[in-house]
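Quick mapping for you: the protein sequence lines, in order, are chains A and B. Residue numbers 68 to 704, in my numbering, belong to the letters of the first sequence in order. Residue numbers 12 to 213, in my numbering, belong to the letters of the second sequence in order.
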Amino acid sequence: MALDVRSRFDTFVVGAANRLAVSAARAVAQSPGAAYNPLFIYAASGLGKTHLLSAIGQLAKQLQPDLRVEYVTTDELVERLHQAVTRGETEAFRQKFAELDVLLLDDVQFLTGRQETQSELLRLFNVLQRSGKQIVLTSDRPPAEIADLDDRLMTRFSGGLLVDMGTPDYETRVAILRRRCDERDVTFAPGVVEEVARVVFANVREMQGAINRLIAYQTLGEGDVTVESVHGLLGDRGNGAGHQRLTPKSGEYESFLSGLAVAVAQHIDARRVKLVELTAEWRTQGYRTGALERALQSKETTDPDALVKEFEHKIARLRALEQELVALDPTQRGSVQFRDPAALEELERLAETLRAESVPPPPPDGSLLRSEFEVGPSNQLAAHAADAIVEEPGRRYNPLVIHGGAGVGKTHLLHAIGNELAAASGGAMTVACVNASDFVNELIAALQDSAIETWRGRYRRVDALLIDQIEMFAGTERTQDEFFHLFNTLMEAGKQVVLTSSRAPRTLTDLDERLRSRFEAGLVVEIQPPDRLLREKLVARVLANAGVTPSSEVLHAVAGLEMPTARDVLRVGERLADMAASSNGRLTSADVSRVTSVRRSTPVHRATPSGDAHFGDREKTVWDWPDLSGRIIEDLR
Amino acid sequence: MSLVNYASREITCKIVYYGPGRSGKTTNLHYVYGQVPEERKGKMVSLATQTDRTLFFDFLPLDLGTISGFTTRLQLYTVPGQVYYQATRKLVLQGADGVVFVADSQSRQLDENIESFQDLHANLGNQGMDPRTVPLVLQYNKQDLPRDMIMSVDELDEALNFRGVPRFAADALHGIGVFETLRGIAELVLKRLASPAEAGSR
Numbered sequence: 068m069a070l071d072v073r074s075r076f077d078t079f080v081v082g083a084a085n086r087l088a089v090s091a092a093r094a095v096a097q098s099p100g101a102a103y104n105p106l107f108i109y110a111a112s113g114l115g116k117t118h119l120l121s122a123i124g125q126l127a128k129q130l131q132p133d134l135r136v137e138y139v140t141t142d143e144l145v146e147r148l149h150q151a152v153t154r155g156e157t158e159a160f161r162q163k164f165a166e167l168d169v170l171l172l173d174d175v176q177f178l179t180g181r182q183e184t185q186s187e188l189l190r191l192f193n194v195l196q197r198s199g200k201q202i203v204l205t206s207d208r209p210p211a212e213i214a215d216l217d218d219r220l221m222t223r224f225s226g227g228l229l230v231d232m233g234t235p236d237y238e239t240r241v242a243i244l245r246r247r248c249d250e251r252d253v254t255f256a257p258g259v260v261e262e263v264a265r266v267v268f269a270n271v272r273e274m275q276g277a278i279n280r281l282i283a284y285q286t287l288g289e290g291d292v293t294v295e296s297v298h299g300l301l302g303d304r305g306n307g308a309g310h311q312r313l314t315p316k317s318g319e320y321e322s323f324l325s326g327l328a329v330a331v332a333q334h335i336d337a338r339r340v341k342l343v344e345l346t347a348e349w350r351t352q353g354y355r356t357g358a359l360e361r362a363l364q365s366k367e368t369t370d371p372d373a374l375v376k377e378f379e380h381k382i383a384r385l386r387a388l389e390q391e392l393v394a395l396d397p398t399q400r401g402s403v404q405f406r407d408p409a410a411l412e413e414l415e416r417l418a419e420t421l422r423a424e425s426v427p428p429p430p431p432d433g434s435l436l437r438s439e440f441e442v443g444p445s446n447q448l449a450a451h452a453a454d455a456i457v458e459e460p461g462r463r464y465n466p467l468v469i470h471g472g473a474g475v476g477k478t479h480l481l482h483a484i485g486n487e488l489a490a491a492s493g494g495a496m497t498v499a500c501v502n503a504s505d506f507v508n509e510l511i512a513a514l515q516d517s518a519i520e521t522w523r524g525r526y527r528r529v530d531a532l533l534i535d536q537i538e539m540f541a542g543t544e545r546t547q548d549e550f551f552h553l554f555n556t557l558m559e560a561g562k563q564v565v566l567t568s569s570r571a572p573r574t575l576t577d578l579d580e581r582l583r584s585r586f587e588a589g590l591v592v593e594i595q596p597p598d599r600l601l602r603e604k605l606v607a608r609v610l611a612n613a614g615v616t617p618s619s620e621v622l623h624a625v626a627g628l629e630m631p632t633a634r635d636v637l638r639v640g641e642r643l644a645d646m647a648a649s650s651n652g653r654l655t656s657a658d659v660s661r662v663t664s665v666r667r668s669t670p671v672h673r674a675t676p677s678g679d680a681h682f683g684d685r686e687k688t689v690w691d692w693p694d695l696s697g698r699i700i701e702d703l704r
Numbered sequence: 012m013s014l015v016n017y018a019s020r021e022i023t024c025k026i027v028y029y030g031p032g033r034s035g036k037t038t039n040l041h042y043v044y045g046q047v048p049e050e051r052k053g054k055m056v057s058l059a060t061q062t063d064r065t066l067f068f069d070f071l072p073l074d075l076g077t078i079s080g081f082t083t084r085l086q087l088y089t090v091p092g093q094v095y096y097q098a099t100r101k102l103v104l105q106g107a108d109g110v111v112f113v114a115d116s117q118s119r120q121l122d123e124n125i126e127s128f129q130d131l132h133a134n135l136g137n138q139g140m141d142p143r144t145v146p147l148v149l150q151y152n153k154q155d156l157p158r159d160m161i162m163s164v165d166e167l168d169e170a171l172n173f174r175g176v177p178r179f180a181a182d183a184l185h186g187i188g189v190f191e192t193l194r195g196i197a198e199l200v201l202k203r204l205a206s207p208a209e210a211g212s213r
C-alpha cells in the first residue's frame, strides 16, 4: 500500500503522551533494523499510529532511497495471503515479503482468529529478523491482550520495543488543532481553538473532525465562529454527551512500564544482547556454546564483540576442518567434534595426522604396462591370475603370490597389475606398489620420526597392496610383525594383496610361519624362465619398437637361443636392433649368430654374493659386463 | 543475585523499601499492587501484625513482561521499620540491587528518619555494599499532610539528601509519587548495568 504523503514526522504533533513512541519511530526510520526491532506501537484508535507508520516509511525512504519499504494493514495482508494461496503463488508471496527492508504492519490486533496468517507472519518475522530487516507493528492493544495470538508471535512482538501512545494533553490538543487550521489556512477568533481543545473527544481523529466542521462553517460564510458558539456548533459533541473524558488518568502502571522500557533499552549492553542472539543461533545449529554462555554469566566479560569474533573464527575453522577431514576420512562425517569449538585443537592434530596419512604410498611404475607384458606358456598362469585380479580385485585370488627367478618379469607383471587396477577403477583405487626393501626403510623412517601411526594409516587406507620381492623381509622382525597386521587388516577389508618373491613362499623360511601360511592360502603362481614362444615374442617386440620387421627365420633362430631370463632376451633383441640399424634394417640368421658369439665371448663375472641382500638380488645388479674388446666393438658401432 | 541474565534474557531486580516505622513503605507496595493488571498480579506476601505493622517484611514480585526482549521482574521488599527488627532488616537487605528510603515528612519524625537512614548506611556497610554506590532514591512521603505538620522537600533534602540522590515527594496512600519513585530506582539500578566496574565493586 502507498504511504500517505501528508503523514510525516514534521506533521505529527509531539506531546508527553506520544514522545517516546515518536522518538523510537524516528530512531527506527533513521537506522532500520538497528535500533528497536520490532517496534510495537499500541494506542487507542485515532491517536496517530498509522500516521507514525507512514512517517517512518517516508523518512526511511528519504534517507535511503534504495530501501524496500512496505506498508500493509493486517486485513490487507490476510487478503493477499488468501489470494496467493488461491492462485498457488504462496512462494511468490513469501519471496516478496522476505525481500523487504522495512515492513510496516498496521492493526495487528486483527490477527485474532487468523491462524494461517499468524503462521505465515511468524515465518516472515523469522526471515526478516534473521537478516536484520526492520519490522514495525501497530495495534490498539499490547500483544498480551490480542486474543488468540500465537505465543511465539507474542514473544516476538514483545521482543523489541513496546511503546504506547496515550491521549494527548490539553497543550498537545491545542497544537494539533492549530496545525490543522494552518494547513487549511483558516484563522479562528482568539480562544476558539482552545475551547475546542477543552471539549471532550474520544480521540484525535474525532477532534479533528470537529475542527473541520468549524472550519467549514466559517469558510462557507456562515459567520465567524466564536468561543460561545463552539458548543452550539458541535452539538452533542460539544456538550461531551456519550463520550468519555479526553484526558482520563491513563494507567500509571502502563506509563511506568513504558518508561522502564526506555531505561532497559538504554542500559542493556547491546553487544551482550547480540552475543546472546548469536549464541542462540549457533546453538540451534548444533554448536556447543557452553563457553559463551559462561562468559555471558561472568562479570569479567568486558568485550563481548571480541568473544563473538573469536567464536566466529573458531566456527569457520571447524567448518573448514570438517570439510577437509570428511574428504580425507569419510568415517569422520557427522562427528560431534565438528560442533565443539573446544575440540578445535584435537581436530587440528587429527587433520595433521590424516593429511600425512593421505600422502599416497608409492604408486606402480606407469611405464610397466600389462599391454607390454608378453605372455607365453612359461608365464601364462601368472598373467591369467593377474587379469582375474584386475577384473575382480580382492575376490578371486587373494593374496596372489608370484614367484620365479630373477629377470623373468615378476616386477613388470606386479606393476602392470597395479596400473590396470588403478585404470579399471578410473583412478578411484589407491594402489600401493612398493619394493619390500623400500617398505622396510619407510617403516624405519617412521619409527625414527615417531610417526608409526601415520605410516600405518597410509597403508591401511590402500585398496590394493603390491609388494615386490617379499623375500627381502627376511631378518626384519618388526617389519614382518607390522606387515602381518597390515596384511590381516587389508584381507579382512577385502582389499587385494599381490606379492612377488624369488622363491616359492613355503621355502621362505626366513619369514614367519604365520606369514608363509597366509601367503599359501591365496594363489601361488610361478613364472618360469622364458619359453621359446615368449622369447620370440619379446625379440619381435623389441625389433618392432625399433622399426625392424624380422624374418621368421631370424625369430626362429633367436627363439632357439638359450636365455634364462626375459632380460637376457630383451638384451639380445636390442643388440639385433642395433645391428639392423647399421645394415639398413635387414637381419639375417648370421646376425643372430654374431650376437650369440658376442654373448659367448663375454666372460661372466659373477660377483661373490655379499651378506647384503641387495647384492644377492640378480635383478638389481649388472652381472654381465662386456669385456674390453666387446665394449670397443660396441662403441665403434 | 544475578541482575541481568543475558543468557536467559532475564532482568531481575531486588528493590528494598527502607525507612522508619510507619513511614509508608508497605503503603507504597500496596499501591503498586493495586495498579498492576490482573493478569500480571503475583501474590503479595505481607507478614503484618494485628495492628497492621510489618512484622517481618513485605514481598511483592512484579512480573513486568518482556521489555526489549528481556523478561523483566522486579522484586519489591519492605523492611520492618521498628528499631528492634534489626536482624530482619539485615536479612532483607542482602542482595538488594537498589534501595528506596521512605522518609516520613512529618517534622516530629525527623529524628526517626535520620536514625533509620544511618541504620541503612550501617547495614549496607555490614553487607559489604558501598553506600555511596548502591542505587538509592529518597521518597518524602506524606507530603499531603498540612504544611505546618511536615517538612518541605527542601528541608528534608537538607536533612537527609546530602548525597544529592533523586528524591520524590509522595502521598503513597493516594498513589502520588509512588510509581515515580519506583521508576527512579529502577532506572538507577539499570544504569549500573552500563558501568560494570561499579557493579563489580558491590
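Glycine included, C-beta positions come from ideal geometry on N, C-alpha and C. These numbers come from a predicted model, not from an experiment.
Following the DSSP letters along the chain, one finds residue 178/B inside the beta strand (DSSP E) bounded by residues 178-180.
Judged by DSSP in its simplified three-state form, residue 565/A adopts strand. As DSSP reads the structure, residue 109/B sits in a beta bridge with 26/B. DSSP lists no bridge partner for residue 136/B. Contact check for residue 40/B against residue 69/B passes: the beta carbons are separated by less than 8 Å. The contact set of residue 518/A on chain B, defined by CB atoms closer than 8 Å, is empty, because the minimum CB distance reaches about 44 Å. The three-state reading of DSSP puts residue 630/A in coil, since its state is none of H, G, I, E or B. Non-local C-beta neighbours of residue 95/A in its own chain, meaning closer than 7 Å and more than five positions away in sequence, comprise 102, 103, 106, 123, 201, 203, ordered along the chain. At the C-beta level, residue 90/B and residue 148/B stay beyond 8 Å of one another. Counting only the Cα atoms, residue 72/A lies some 40 Å from residue 197/B.
Under the Cβ criterion (8 Å, minimum of three pairs), the stretch 491-505 of chain A counts as touching the stretch 532-544 of chain A.
Around residue 75/B, the beta-carbon contacts reaching into chain A at under 8 Å are 324, 327. Cβ contact annotation for residue 440/A (same chain, cutoff 7 Å, sequence separation greater than five): 450, 476, 479, 480, 483, in chain order. The beta carbon of residue 47/B falls within 8 Å of a beta carbon belonging to chain A, placing the residue at that interface. In this structure, the CA atom of residue 278/A is about 12 Å from the CA atom of residue 249/A.
With fewer than 16 other beta carbons inside 10 angstroms of its own, residue 287/A counts as exposed. For the C-beta of residue 330/A, the chain B residues within less than 7 Å are, from N- to C-terminus, 197, 198, 201.
Checking the DSSP bridge columns, you'll see residue 230/A partnered with 108/A. Residue 178/A places its beta carbon less than 8 Å from that of residue 141/A. In the DSSP assignment, residue 207/A falls outside any alpha helix (DSSP H), carrying neither H nor E.
When secondary structure is reduced to three states using DSSP, residue 150/B falls in the strand class. Taking a C-beta cut-off of 7 Å against chain B, none of the residues of the stretch 471-505 of chain A qualify. The C-beta of residue 211/A comes closer than 8 Å to at least one C-beta of chain B. The closest CA to that of residue 335/A, considering only 80/B, 56/B, 115/B, 168/B, is found on 80/B. With three or more CB-CB distances shorter than 8 Å, the stretch 126-138 of chain A counts as touching the stretch 155-170 of chain A.
Distance from the Cα of residue 437/A is smallest, within the candidate group 489/A, 470/A, 391/A, for 489/A. Here DSSP, grouped into helix, strand and coil, assigns residue 142/A to helix. Counted as a single uninterrupted DSSP element, the stretch harbouring residue 216/A is not any alpha helix (DSSP H), since DSSP gives it neither H nor E. According to the DSSP assignment, residue 470/A belongs to the beta strand (DSSP E) that extends over 467-471. Listed as beta-bridge partners of residue 490/A by DSSP are no residues whatsoever.
The beta carbon of residue 161/B is closer than 7 Å to those of 116, 117, 118, 153, 154 in its chain, skipping five residues each way along the sequence.
Under the three-state reduction of DSSP output, residue 336/A falls in the coil class, being neither helix nor strand.
Chain order gives the chain B residues near residue 342/A as 17, where near means a beta carbon separation below 8 Å. The beta carbon of residue 237/A does not come within 8 Å of any beta carbon belonging to chain B, so the residue lies off that interface. Under the 8 Å criterion on CB atoms, residue 186/B is classed as interfacial with respect to chain A. Take the alpha-carbon of residue 532/A and the one of residue 400/A: they are about 26 Å apart.
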